[in-house]
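Just so we're aligned, residue 1 is where the sequence shown starts under UniProt numbering, counting upward by one. Positions of the beta carbon are idealized from the N, C-alpha and C atoms, including for glycine. Owing to the predicted nature of the structure, the values given are computational and were not obtained by experimental measurement.
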Amino acid sequence: MATVIQEFLHSLMQSLKIMPRVINNVPEIQSIEQKRCFECANSTDGNSECLFYSRCIPVPLEFTTLEPAECHEDKAPIIFLHGVTASKEYWCDVPVKVANATKRKVHILDARNHGDSPWSNHFNCDTNVADVLHFMDEINITKAIIVGHSMGGATAIGLAFKEPQKVEKLFIEDVSIGAFPEHVITMLRHKLMMSQKAMENLPTDLNITEARDFIADYVIKSLPPEV
Numbered sequence: 001m002a003t004v005i006q007e008f009l010h011s012l013m014q015s016l017k018i019m020p021r022v023i024n025n026v027p028e029i030q031s032i033e034q035k036r037c038f039e040c041a042n043s044t045d046g047n048s049e050c051l052f053y054s055r056c057i058p059v060p061l062e063f064t065t066l067e068p069a070e071c072h073e074d075k076a077p078i079i080f081l082h083g084v085t086a087s088k089e090y091w092c093d094v095p096v097k098v099a100n101a102t103k104r105k106v107h108i109l110d111a112r113n114h115g116d117s118p119w120s121n122h123f124n125c126d127t128n129v130a131d132v133l134h135f136m137d138e139i140n141i142t143k144a145i146i147v148g149h150s151m152g153g154a155t156a157i158g159l160a161f162k163e164p165q166k167v168e169k170l171f172i173e174d175v176s177i178g179a180f181p182e183h184v185i186t187m188l189r190h191k192l193m194m195s196q197k198a199m200e201n202l203p204t205d206l207n208i209t210e211a212r213d214f215i216a217d218y219v220i221k222s223l224p225p226e227v
């Protein structure tokens, strides 16, 4: 049951109840590799104080690499960065289709405190940028095309400002670069409070899918009609 709760917190809440789809029937992909980026040589626990980019200590990100048949090794790879309520799996089959269409290597990353990547007490745009730059350095990516959704888009923008020579192109989707309006913050706080109550009332005999549905239904029913 702890796994269910952790997965739920990783994605904040599955309000829309959109589940990752299994990627099947993609014969063009030559190889799929899952691994974690190497530990930073200067990092001990990933929790050092972060005030500026130069002082951000990266964590080793979990990632999946797709290599299409007849991959153009001389072209910049594509890196997918997910949003704050997601993980690398929530891109579904989009990275596969992009890899096959472009013949470029594709890397799908889990941000820190998301998916299978490590947790840290420090989590903000600066640390996210440091993590992606560290990932690129560790696997010798000199330049990449960055696709970012929501939080991932903010990370991509920060990366482009910090190291513009490392970015060939940016594709940004559904991202806010300013502070959230107060009504959005209020709604998020309400969702988090309701999700905590849902977990307190979570039956112990449910499997992961049933538990997710129970939490999502509990939270959705608690929302005001106008949301």
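- Query: Can you name the residues that DSSP bridges to E163?
  - Reply: Paired residue(s): none; E163 is not in a bridge.
- What distance in whole Å lies between the Cβ atoms of A111 and H82, which are believed to be in contact at a cut-off of 8 Å? The beta-carbon separation of H82 and A111, rounded to 7 Å, stays under the 8 Å limit for a contact.
- Query: Is DSSP giving I157 helix, strand or coil here?
  - Reply: The three-state reading of DSSP puts I157 in helix, counting H, G and I together.
- Item | Buried or exposed (CB count within 10 angstroms, at least 16 for buried), M193 | exposed
- Query: Looking only at its own chain, which residues have a Cβ that is under 6 Å from the Cβ of M151, when we skip the five neighbours before and after it?
  - Reply: G83, V84
- Kindly give me the distance between the Cβ atoms of G148 and I185, rounded to whole angstroms, as I take these residues to be in contact under 8 Å. Not a contact, Cβ separation roughly 22 Å.
- In the DSSP assignment, find the beta strand (DSSP E) that holds I141 and state where it starts and stops. First-last for I141: undefined, no H or E at that position.
- Do three or more CB pairs link the segment 90 to 99 to the segment 120 to 127 at distances below 8 Å? no
- Could you give the distance in angstroms between the alpha-carbon of D213 and the alpha-carbon of D93? 23 Å
- Residues near P95 by beta carbon distance below 7 Å, same chain, minus five either side: L66, F80, V106, I108
- Which residues share a DSSP beta bridge with G148? L81, I172
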